[in-house]
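Participant: Heads up: the protein sequence lines correspond to chains A and B, in order. Quick note: the first sequence uses the numbering used here, first residue 1, plus one each step. Quick note: the second sequence uses the numbering used here, first residue 1, plus one each step.
Protein chains: 2
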Amino acid sequence: MLSYLEFGMPSMKDKITRVAIELFHQKGYFATSVSEIAGQCGIQKASIYYHYASKENILFHIQKVTMDELTGYLRGNLDGRDDIEARMRAAVHSHVRFHLHRQKETFIANSELRGLTAAHYREIVAKRDEYEQIFQQIIREGCETGVFVPVDVKILSYAILTLCNAGAIWYNPEGRMAVDAIADIYETFVLRGLQKGQFPGITPKPGC
Amino acid sequence: MLSYLEFGMPSMKDKITRVAIELFHQKGYFATSVSEIAGQCGIQKASIYYHYASKENILFHIQKVTMDELTGYLRGNLDGRDDIEARMRAAVHSHVRFHLHRQKETFIANSELRGLTAAHYREIVAKRDEYEQIFQQIIREGCETGVFVPVDVKILSYAILTLCNAGAIWYNPEGRMAVDAIADIYETFVLRGLQKGQFPGITPKPGC
DNA sequence: CGAATCCTACCTACCGGACGGTAGGCAGTG
DNA sequence: CACTGCCTACCGTCCGGTAGGTAGGATTCG
């Protein structure tokens, strides 16, 4: 879970990356200057370029690592689960947990795509597509086997992912709510929205 | 629905605003220069400052108008509806419709808050809070009257609003899907997630 | 009525400053 | 003596914003 932090003495490159994550999250990529990153690392601006070829490369590195770890985490959480409902629950839970624990990186990955060069943009979008495919496959299977109501897979997958991102925006690590409690709320809401078991269009009587 | 466009000859200020919306949406606020806006309006950079006091003022104006119209649209759509389920459906529908029709402005309003001065930031956040309150009130009433399952009102309201924003990111006005069809999908999903009528935690047998 | 004045809506030219990035040097380590 | 990891000093560019001017239509006033 803790990347950018190696054992032993953390390298300056790691420090730069961590500071960049902090600043990009706080002020945005374009509003953050290289001198500012350097300043908070206690080094000069030019020294940044010893570790990274360009400002854009810092952004790209953050996004790449984050996307790889996000997908890896999901695969790990799905591993060994066969039941479709269990897989969907695990997927939502994994997504939310990662977004709460890695709040800043995922925020950057979601909102700073425009700072990337065309080539790097394509690379990140490809990783994102790969991640979405996993969700879409689960939803599709759920619909086909009749566990879920029939839905537009693409629209719903995107809706669910976006919905689960919401937590990362307001989540406060020092706040009252535990990560798993929040993940449970999203999990319940999503599953309720997907599962059969009620009659769509017909309002149940209050108190029923 | 069509603001920034007066009858008769549209003013240069309107043109600046429309061009700014286009560019802020396309490249982001910080990545857009005043000269660029001017260029696409066919005037010089300095002339922009005849119509707007600063670049930030353009952003603020866009956000303010958008938020006011968003809230006005919601109020209009809720007007006269008493039934809680109908109100929730109307609210979701209104939110989605507005975000699809005013894709670019709402995107800016959601993602470019950091470009605002502190005072303007507070003003926009206040408007946003006011809008969210309307949703929260509906959810709260639904829970209290037993129409909806008991939920964490704040978390769910935020989740629902974020989820409905998803459409505006991928929506293509020239695409295959009609605005109302998309709104219906979100409406159904949200209502299904909120309403009573299934037994949470118990998986219904496939085919049931 | 015509002359003087004002206002609108733009222009050219410029400012200080910050930005991303580079060149080249230097201290410490192996 | 080479390499690592940093430094100082500097570059050209572009930015938001300002100063000051001007064409021309509307308004005011002797």
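Beta carbons: idealized from backbone N, C-alpha and C, even for Gly.
Locate the alpha helix (DSSP H) running through D180 (chain A), then write down its first and last residues.
Facilitator: By 1-based counting over the first sequence, the position of residue 180 (chain A) is 180. Taken as a continuous stretch (DSSP letters only), the alpha helix (DSSP H) holding D180 (chain A) covers 179-194.
Participant: Is it right to say G193 (chain B) is buried, meaning 16 or more other beta carbons lie within 10 angstroms of its own, or is it exposed?
Facilitator: Against the second sequence, residue 193 (chain B) aligns to sequence position 193. Under this definition G193 (chain B) is a buried residue.
Participant: Report the neighbours of A31 (chain A) on chain B: residues whose CB is nearer than 7 Å to its CB, in chain order.
Facilitator: Walking along the first sequence from the start, residue 31 (chain A) turns up at place 31. Under the 7 Å cutoff, chain B gives F30, R114.
Participant: Closer than 7 Å by beta-carbon distance: list the chain A residues that pair up with K27 (chain B), in chain order.
Facilitator: Counted from its first residue, the second sequence places residue 27 (chain B) at position 27. Near K27 (chain B) (Cβ distances below 7 Å), the residues of chain A are R114.
Participant: What are the residues in the region 144-169 of chain A lying within 9 Å of chain B by C-beta distance?
Facilitator: T145, G146, V147, V149, V151, D152, K154, I155, L156, Y158, A159, I160, L161, T162, L163, C164, N165, A166, G167, I169
Participant: Give a yes or no on whether the minimum CB-CB distance between R192 (chain B) and chain A is below 8 Å.
Facilitator: Taking the second sequence and counting its residues from 1, the one referred to as residue 192 (chain B) is at position 192. Cβ-Cβ to chain A under 8 Å: yes for R192 (chain B).
Participant: Give a yes or no on whether 8 Å exceeds the smallest Cβ distance from H120 (chain B) to chain A.
Facilitator: On the second sequence, position 120 is the one that residue 120 (chain B) refers to. With 8 Å as the cut-off, H120 (chain B) does not count as an interface residue toward chain A.
Participant: Looking at Y121 (chain B): is its Cβ nearer than 8 Å to the Cβ of F98 (chain B)?
Facilitator: For this step, residue 121 (chain B) is matched to residue 121 along the second sequence. For this step, residue 98 (chain B) is matched to residue 98 along the second sequence. Contact: no.
Participant: Over what stretch of residues does the alpha helix (DSSP H) that includes L74 (chain B) continue unbroken?
Facilitator: Position 74 of the second sequence, counted from the start, is the residue given in the question as residue 74 (chain B). Where L74 (chain B) is concerned, the enclosing alpha helix (DSSP H) stretches over 55-78.
Participant: Around the C-beta of V125 (chain A), are 16 or more other C-beta atoms found within 10 angstroms, so that it is buried, or is it exposed?
Facilitator: The sequence position of residue 125 (chain A) within the first sequence is 125, counting from 1. It counts as exposed.
Participant: Classify C143 (chain B) as helix, strand or coil using the three-state DSSP reduction.
Facilitator: Taking the second sequence and counting its residues from 1, the one referred to as residue 143 (chain B) is at position 143. In this structure, C143 (chain B) counts as helix in the three-state DSSP scheme.
Participant: Could you compute how far the alpha carbon of G28 (chain B) sits from the alpha carbon of E144 (chain B)?
Facilitator: Counted from its first residue, the second sequence places residue 28 (chain B) at position 28. Counted from its first residue, the second sequence places residue 144 (chain B) at position 144. In a straight line, the C-alpha of G28 (chain B) is about 42 Å away from that of E144 (chain B).
Participant: Looking at chain B, which residues of the region 180-191 of chain A have a Cβ within less than 8 Å of any of its Cβ atoms?
Facilitator: I182, I185, Y186, T188, F189, V190
Participant: Out of curiosity, what's the CA-to-CA distance linking S94 (chain A) and R102 (chain A)?
Facilitator: As a first step, residue 94 (chain A) is located in the first sequence; it is residue number 94 there, counting from the start. As a first step, residue 102 (chain A) is located in the first sequence; it is residue number 102 there, counting from the start. When the Cα atoms are used, S94 (chain A) and R102 (chain A) turn out to be separated by approximately 12 Å.
Participant: A110 (chain B) lies in the alpha helix (DSSP H); which residues open and close that run?
Facilitator: On the second sequence, position 110 is the one that residue 110 (chain B) refers to. Sequence check: residue 110 (chain B) is Asn here, not Ala. It spans 103-111 - the alpha helix (DSSP H) in which N110 (chain B) sits, taken as one unbroken run.
Participant: With a CB to CB cut of under 6 Å and the five nearest residues on each side skipped, what residues in its chain are close to I169 (chain B)?
Facilitator: Locating residue 169 (chain B) in the second sequence gives position 169, where the first residue counts as 1. Excluding residues within five positions, none has a Cβ falling inside 6 Å.
Participant: Please report the distance separating the alpha-carbon of I62 (chain B) from that of G42 (chain A).
Facilitator: What you label residue 62 (chain B) is simply residue 62 of the second sequence in a count that begins at 1. What you label residue 42 (chain A) is simply residue 42 of the first sequence in a count that begins at 1. So the two alpha carbons sit approximately 39 Å from each other.
Participant: What residues of chain B sit near S111 (chain A), judged by a beta carbon separation below 9 Å?
Facilitator: Here the question's residue 111 (chain A) lines up with position 111 in the first sequence. Result: S111.
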